[in-house]
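To keep things clear, I will list the structure first and then write my remarks on it.
In this note's numbering, the protein residues as written are 3 to 605.
Structure (structure tokens):
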């Protein structure tokens, strides 16, 4: 093909010079591109991860430094400031009059405020970074500026320091509060107050730390409570008043735990959260309330006790195993329900008591039917032994047809059982043994039984008469052979109460036994004259435990128990108790081998 083409005029044109010129342009463009790329690469090398030229961080010049060098320079600049004190004063601001209520200056270190500079984040914020992006290269050569250091603040430490600084100036605002008491719902009205503007204080103290300012003045300004009157009213109407309006009943199997508002009030509270009062239920306290009406293990039978002088049924306690959180959830769900709907079942493992609350009420133990009191001269062993016996007997409950046994209830009089040595009557003379004095409890119980009209099953009077006891109407006991037993032959239950008022060197002690039931009989007692007297003899003892004693005559006596129906004067029946008292022998103590005086026996 010809390289000559005719132009429009018909002449032939040679384009070789044009093509040669185009190649020159291409070469020049390539050279320029290479020069620019090389310069950009050089600029990238120069910039690296350095901070832009002319940059500073809170007044500390770091422009052109590598990231690591800039971090180190910041640390050198700010680390000494952590311990440096700032003079801080606080003052009122009342309608702009800042002279009122100025508090003296306190010195506070940055460490007290929980201020720390994040050196790495601060340097990065100033522009230290490695990047091929054109904008990064532009920033390095032209973008240097002063930026604030990035500061981390321990909010709790700052708040504590601000509270200390503001103490004595103004009154903090008071949130509206709701309290639950045994008497019902109590409210505490909200009140406006004055406090430090926390955000402004934070900014001012941070700025003083960063700029090395020597002092800061903080203002105490009006502040409103988070929980205002409307929040208080809403909480009272929607939760507090409904919660305390009626009892809540939790059902465990066949048993119910009824919680009265006066009892569960201590488990309720309302806590301020995000501008509202939120109900709180103390699971630990609620669980304690439920466990008072139940047990963790074996169930507890119902019983009766005397409160304020009158018998009261103590409800049975089922053995219940439950999850406290589940109980709390069910309980909380019932608090806002109306009366009549405040009852729900709780998932639990339940073992019911054998003797239920209903069974205890059927016993009809409603009044005191007898009371008897005896007195004794001072002796420490009597205080111990009688007190321990009373402690064990007190609260004994006899169902219809059951028999009371003093030995069976009190048990053997041993040191392990709480008894000590005292005087007993053995073979007609006084000796020391464990449990001495307990026979006075037997006599007192016997007389309470006597006047309650219960059936005597077994009683043994003392072998010789003791003048502080009613003649012919007393009893002794000895483990295990001699017992005091009587039967509850009434259709009602019988509650036995026993108490001892200890003696003292200057006064006698008392033993009191009362019985509670439904009264059937009015009881009178008639005592005959003493008869069939037998004089005492004198015995000489040579044993180490001999106790000298002046004896007296034995005799016989009859006591008649007279029964009348309550409110009737007619005698329904009579019961005779015949007692034979042996002589109380006089005892003379002699050395082993000494001859006995004429007319005396020896042991």
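Using N, Cα and C, we set each Cβ at its ideal position, and we do this for glycine too.
- Around the beta carbon of residue 317, a 10 Å sphere encloses 16 or more other beta carbons of the protein chains shown; the residue is thus reported as buried.
- Note that the C-beta distance between residue 245 and residue 337 is below 7 Å.
- At the C-beta level, residue 461 and residue 448 come within 7 Å of one another.
- In the three-state DSSP reduction, residue 539 falls in the coil class, being neither helix nor strand.
- For residue 263, the uninterrupted alpha helix (DSSP H) segment begins and ends at 263 to 266.
- For residue 82, there are no CB contacts under 6 Å within the same chain when 5 residues up- and downstream are skipped.
- Closest in C-alpha terms to residue 344, from the list 192, 354 and 332, comes 332.
- At a Cβ-Cβ threshold of 7 Å, residue 455 and residue 525 count as neighbours.
- Per DSSP, residue 414 has no beta-bridge partner at all.
- DSSP places residue 292 inside the alpha helix (DSSP H), whose first and last residues are 285 to 294.
- Residues of the same chain with a CB within less than 7 Å of the CB of residue 552, apart from the 5 flanking positions on each side, are 588 in chain order.
- In the three-state reduction of the DSSP assignment, residue 395 falls in the helix class, which pools H, G and I.
- In this structure, the CA atom of residue 174 is about 21 Å from the CA atom of residue 207.
- In terms of Cα proximity to residue 228, the closest of 182, 193, 474 and 162 is 193.
- Cβ neighbours of residue 255 within its own chain (closer than 6 Å, five residues either side excluded): 352.
- Straight through space, the alpha carbons of residue 357 and residue 443 are spaced by roughly 29 Å.
- Secondary structure note for residue 186: its beta strand (DSSP E) is the uninterrupted segment 186 to 190.
- Contact between residue 153 and residue 181 does not hold, since the beta-carbon distance rounds to 41 Å and is not under 8 Å.
- In this chain, residue 593 is not harboured by any alpha helix (DSSP H), its DSSP state being neither H nor E.
- Sequence-distant partners of residue 58 (beyond 5 residues in either direction) whose C-beta falls short of 6 Å from its own C-beta, in its chain, are 148.
- Distance from the Cα of residue 315 is smallest, within the candidate group 366, 534 and 290, for 366.
- The beta-bridge partner set that DSSP reports for residue 407 consists of 487.
- Burial state of residue 165 is exposed, judged by a 10 Å Cβ sphere holding fewer than 16 other Cβ atoms.
- In this structure, the alpha-carbon of residue 288 lies about 29 Å from that of residue 230.
- The Cβ atoms of residue 306 and residue 381 do not sit closer than 7 Å to each other.
- Residue 406 holds the alpha-carbon nearest to the alpha-carbon of residue 498 among 406, 582, 577 and 584.
- Contact between residue 187 and residue 240 is absent: CB atoms are separated by about 12 Å, not below the 8 Å threshold.
- Comparing alpha carbon positions, the residue from 575, 580, 573 and 542 closest to residue 593 is 542.
- A distance of 7 Å or more separates the beta carbons of residue 126 and residue 107.
- In this structure, DSSP gives residue 358 a state outside helix and strand, which the three-state scheme calls coil.
- Note: residue 439 is not bridge-paired with any residue in the DSSP secondary-structure output.
- Among the bridge pairs identified by DSSP, residue 90 is matched with 108 and 218.
- Under the three-state reduction of DSSP output, residue 379 falls in the coil class, being neither helix nor strand.
- Here the alpha carbons of residue 283 and residue 342 stand approximately 22 Å from one another.
- Each residue's CA atom was taken as its position, placing residue 236 and residue 266 some 22 Å apart.
- Minimum Cα-Cα distance from residue 74 among the listed residues 53, 85 and 91 corresponds to 53.
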